[in-house]
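First comes the structure, then the notes that go with it.
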Amino acid sequence: MLYSVERYLVILLFILFSTQIRAQSDSLKLEGEQFSKYLEDQFYIGFGYNLLLNKPSEAVQRNLSYNLQAGFIKDIPLNARRNFGVGLGLGYAVNSYYSSIVAAETGDDITYEVRSTSEFNRSKFETHSLEVPLELRWRTSTAEEYRFWRIYAGAKLGYVFSGRSRTVTDNGNMVFSNTDIQKFQYGLILSFGYNTWNVHAYYSLNPLLKEGAAIQTGETFDLNVLRIGVIFYIL
Numbered sequence: 002m003l004y005s006v007e008r009y010l011v012i013l014l015f016i017l018f019s020t021q022i023r024a025q026s027d028s029l030k031l032e033g034e035q036f037s038k039y040l041e042d043q044f045y046i047g048f049g050y051n052l053l054l055n056k057p058s059e060a061v062q063r064n065l066s067y068n069l070q071a072g073f074i075k076d077i078p079l080n081a082r083r084n085f086g087v088g089l090g091l092g093y094a095v096n097s098y099y100s101s102i103v104a105a106e107t108g109d110d111i112t113y114e115v116r117s118t119s120e121f122n123r124s125k126f127e128t129h130s131l132e133v134p135l136e137l138r139w140r141t142s143t144a145e146e147y148r149f150w151r152i153y154a155g156a157k158l159g160y161v162f163s164g165r166s167r168t169v170t171d172n173g174n175m176v177f178s179n180t181d182i183q184k185f186q187y188g189l190i191l192s193f194g195y196n197t198w199n200v201h202a203y204y205s206l207n208p209l210l211k212e213g214a215a216i217q218t219g220e221t222f223d224l225n226v227l228r229i230g231v232i233f234y235i236l
């Protein structure tokens, strides 16, 4: 079940999506000097699927490992046509990673076990992060044209201010703040598309958990994340 902050973000996604084209059309009502100094894609909102890489050998993903993100990016054109530039922003993201890896808190230690999916209902890592995206931006836009191709590539730094593990069984829930989740996470990002729909990808360059995480058999693992989804840019 989504928490309230996630529900609000989903509602915001649909509101912004439904008004995106109207907002872009309104942005064409520029005159004089403002008309030659247009900016693009300053707000973003998106959702995606989190794929866990480098899992323990017997671990599997299940349920929907989702990503929700939203934020603001300052568009900084670098040429006179204003179709090439950089973007620096600040955003918020919530990520859930469902798998058969079950985390447990034992005193000051956190242990991990790969269980059969018949032994529990859901098990996940969950993070809430502040993110700083940095993009190199190319697009085919003009001041008169709001339907255009774009390719944005760069990197993203995230600070996890809330990270926890949650396991749901028929006998109840086990939830705790997981201190093994990396506070700082960073990776490469790529967005490309035309007009409203844009494919977005993220590949983490550091593991989700701190070094040394291991399951009870002694097998260590470094969970990396590949995220594929869609992103909407709003003026």
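For the sequence shown, the working numbering gives the first residue as 2, with consecutive numbering after it.
Quick reminder that beta carbons are idealized off the backbone N, C-alpha and C, glycines included.
Same chain, Cβ closer than 8 Å to residue i, neighbours up to 5 away in sequence not counted
i	result
D171	N122
R148	Y195, N196
S130	Y93, A94, V95, N96, G159, Y160, V161, F162, Q186
Start-to-end residues for the beta strand (DSSP E) that takes in residue i
i	result
Q186	185-195
Y160	150-170
Y39	Counting along the chain, Y39 falls outside any beta strand (DSSP E), and DSSP gives it neither H nor E.
D110	110-115
E120	Counting along the chain, E120 falls outside any beta strand (DSSP E), and DSSP gives it neither H nor E.
N199	198-205
Residue environment, residue i, which counts as buried when at least 16 other CB atoms sit within 10 Å
i	result
L210	buried
A215	exposed
F85	exposed
Q217	exposed
S117	exposed
V95	buried
Y4	In this prediction, Y4 scores a pLDDT of 48, lower than 50, which makes its location untrustworthy; the coordinate-derived value is nonetheless stated afterwards. Answer is exposed; the Cβ neighbour count stays below 16.
L65	exposed
E127	buried
E41	buried
V161	buried
F177	exposed
R82	exposed
Close beta carbons around residue i, own chain, < 7 Å, minus the five adjacent residues each side
i	result
Y204	G188, L189, L227
Residues near residue i by beta carbon distance below 6 Å, same chain, minus five either side
i	result
G88	I74, D76, E136, R138
V103	E114, R116, S124, T168
D223	N55, P208
M175	T168
E220	P57
Proximity test, residue i beta-carbon vs the ligand COA heavy atom, cut-off 7 Å
i	result
Y67	The model on display carries no ligand, and the ligand COA is accordingly not part of it.
Tell me, please, whether the region 183-192 touches the region 52-59 by the rule of three or more beta-carbon pairs shorter than 8 Å. no
Just checking, does the region 42-52 make contact with the region 102-112 on the three C-beta pairs under 8 Å criterion? no
Which ranges would you report for the beta strand (DSSP E) in the region 56-84 if only whole runs of at least 3 residues count? 67-78
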